[in-house]
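Chemist:
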Amino acid sequence: MKPDPFDPTTAPEVHMRARYAFDCQMEAELDPDTPVYPYDAWLKFIRQTSPFQDNHRWVAWDEDRRDIVGAGFIGLGRTDENRHLANFDIHVLPARRREGLGTALLREIVDVAEADERTVLGSGTVQHHEAEKFLAAMTMTQKMLDRRSRCYINKVPQELLDDWIANGEAKASAAGYSLLFFPSPIPDGYREGFLDVLRTMNDAPRDDLDMEDWVMTEERLADRERRQAASGDLEWLMVVRHDETGEFVSFTGLEWHPSVPQLLWQGGTAVKPAHRGHAIGRWIKASMMQKVRTEQSEAEFIDTWNAGSNKWMLAINDDLGFSPYLWYTDWQAPLADIKAAAAAK
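Going by numbering that gives the first Met the number 0, the sequence shown opens with residue 0, and the numbers climb by one from there.
1) What are the residues that DSSP puts in a beta bridge with Thr138?
2) Would Ala306 and Ala173 qualify as a contact pair, given that the criterion is a beta-carbon distance under 8 Å?
3) In the DSSP output, what is His241 paired with across the bridge?
4) Report yes or no: do the stretch 204 to 214 and the stretch 159 to 171 share at least 3 C-beta pairs separated by less than 8 Å?
5) Output needed for Leu313: all residues of its chain with C-beta closer than 6 Å, excluding positions within five of it in sequence on either side, in chain order.
6) Give the single residue among Arg97, Ala85, Ala20 and Glu80 whose Cα lies nearest to the Cα of Lys344.
7) Short of 6 Å in beta carbon distance, which residues of its chain neighbour Ala130, apart from the five on each side in sequence? Order them along the chain.
8) Can you look up Met15 in the DSSP assignment and give me helix, strand or coil?
9) Considering just the uninterrupted stretch of the beta strand (DSSP E) at Asn54, what are its terminal residues?
10) DSSP beta-bridge partners for Ser148?
11) Three Cβ pairs or more, each shorter than 8 Å: is that satisfied between the stretch 245 to 263 and the stretch 182 to 195?
12) Return yes when the Cβ of Ile152 is within less than 8 Å of the Cβ of Val298, no when it is not.
13) Less than 8 Å between the C-beta atoms of His90 and Ala59, yes or no?
14) Tell me, which residues are paired with Leu253 by DSSP?
15) Check whether the stretch 11 to 30 touches the stretch 283 to 297, taking contact to mean three or more Cβ pairs, one atom from each stretch, closer than 8 Å.
16) Do Pro7 and Ile45 have their beta-carbon atoms positioned less than 8 Å apart in this structure?
17) Output the boundary residues of the alpha helix (DSSP H) element that contains Ser122.
18) Please work out which residues of its chain come closer than 6 Å, Cβ to Cβ, to Leu29, disregarding the five sequence neighbours upstream and downstream, and give them in chain order.
19) My understanding is that Lys43 touches Gly231, with C-beta atoms under 8 Å, so please give their C-beta distance in whole angstroms.
20) When we look at the beta-carbon of Ala112 and count the other beta-carbons within 10 Å, is it buried (16 or more) or exposed?
21) Which residues in the same chain have their Cβ closer than 6 Å to the Cβ of Gly76, if we skip the five residues on either side of it in sequence?
22) Do you know how far the Cα of Lys284 is from the Cα of Pro34?
23) Hey, could you find the ends of the alpha helix (DSSP H) Ile45 is sitting in?
24) Determine the DSSP secondary structure at Met288, reduced to helix, strand or coil.
25) Can the beta-carbon of Ile67 be found closer than 8 Å to that of Ala17?
26) Check the C-beta distance from Arg117 over to Leu159 and give it rounded, since I have them as a contact under 8 Å.
27) By Cβ distance, which residues of its chain are closer than 7 Å to Asp336, with the 5 residues on each side in sequence left out?
28) Judging by CA-CA distance, which residue of Gly245, Asp242, Glu243 and Phe250 is the nearest neighbour of Glu234?
29) Can you pull the DSSP bridge partners for Asn86?
30) On a Cα-Cα basis, can you pick out the residue from Ile301, Arg198, Ala135 and Asp317 that is closest to Leu263?
31) If we count the other Cβ atoms within 10 Å of its Cβ and call it buried at 16 or more, is Arg240 buried or exposed?
32) Check each candidate in Ala332, Ala339 and Ala341 and name the one with the smallest Cα separation from Leu120.
33) State the DSSP-derived secondary structure class of Phe193, mapped to helix, strand or coil.
34) Excluding five sequence neighbours on each side, which residues of the same chain lie with their C-beta closer than 6 Å to the C-beta of Ala248?
35) Helix or strand or just coil, what does DSSP make of Gly69?
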């Protein structure tokens, strides 16, 4: 069975409904305890486009061409960095596995990546899922282990938040720092400073991944904000400013969609190396949690991702009330090796 290209910006309604049903089935298998976006919200998300990434999708239909039984995706970044790399996803319904659908989808992905002169492909799986065997058979190797953590907001002791905030205010304020809050889009006058502190995320562990630093620019930030507005996503941001210089030295962010108000996604959190040791990380995390608790009554839990080797951020998250929810493995291999393995199937 040869997969069909699938373009969500032009696909008819009946095909989009079939794709949504497929995605919901996959989510029920891989992440059954997380609410899915309703169809209208999902539709806005999947139809997004960006000048900084070309998206290619394929689907495999059942024999009646009514239901989708497999899907593949690859994103080709249009930035100066990581031009050697592209990441892909492949999903096949449990009842239709071991029929060659995954390999057929992978061949389409490899052809597009090779035509774009990519040399390394990456993908990810839930740890211990049977997809790991498929990626290993395609010569891919595990490069990093990610921990997805979940914090139930109402289970965080108020005394803990009060202590972290008071300690942060005492230590950081005494050292000349102040806390600022703003919702996305980031106001003029803050954007350059935010872009600067955002690049601190490149300090996060990447273990054995073949990946260059990502460089966020004003143009890419504006594009991200445009896509947020188009999809209806909301974001809160906090930064810590060094008052003497005006430099932003730390940030944290939370994102959510109004259609699923109970779930918040933790974006990045970082503190510049030269400004660590003043309890800034705990101060900013607790302050954001307190704001959520006070102003978002429907919010129930926050999910976040960290490299399993990032012991510093995991320690802060654990102390705040996060606990392991799911583990994911990141895989990579040279495109040439994957192509040969797929061709041999």
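Glycine included, each C-beta is placed from N, C-alpha and C at the ideal position.
Modeler: Let's see:
1) Answer by DSSP bridge pairing: none, since Thr138 is not bridged.
2) no
3) Tyr176 and Glu246
4) no
5) Asn305
6) Selected option, being the one with the closest Cα: Arg97.
7) Thr124
8) helix
9) Gln52 to Trp60 is the extent of the beta strand (DSSP E) around Asn54.
10) Thr303 and Pro323
11) yes
12) Checking the displayed sequence, the identity of residue 298 turns out to be Ala instead of Val. Cβ atoms of Ala298 and Ile152: closer than 8 Å.
13) Not in contact: His90 and Ala59 (Cβ atoms no closer than 8 Å).
14) Trp235 and Gln265
15) no
16) yes
17) That residue, Ser122, is in no alpha helix (DSSP H); its beta strand (DSSP E) goes Val119 to Val125.
18) Val125
19) 6 Å
20) Label assigned to Ala112: buried.
21) Gln52
22) Cα to Cα, Pro34 sits roughly 24 Å from Lys284.
23) Tyr38 to Ile45
24) Assigned with DSSP and collapsed to three states, Met288 falls in helix.
25) Contact: yes.
26) A Cβ-Cβ separation of about 46 Å leaves Arg117 out of contact with Leu159 under the 8 Å criterion.
27) Thr138.
28) Of Gly245, Asp242, Glu243 and Phe250, the residue nearest in Cα terms is Phe250.
29) Gly74 and Gly121
30) Ile301
31) It counts as buried.
32) Ala332
33) Reduced to three states, the DSSP call for Phe193 is helix.
34) Checking the sequence, you will find Val at residue 248 rather than Ala. Around Val248: Val239, His241, Lys271 and His274.
35) Under the three-state reduction of DSSP output, Gly69 falls in the strand class.
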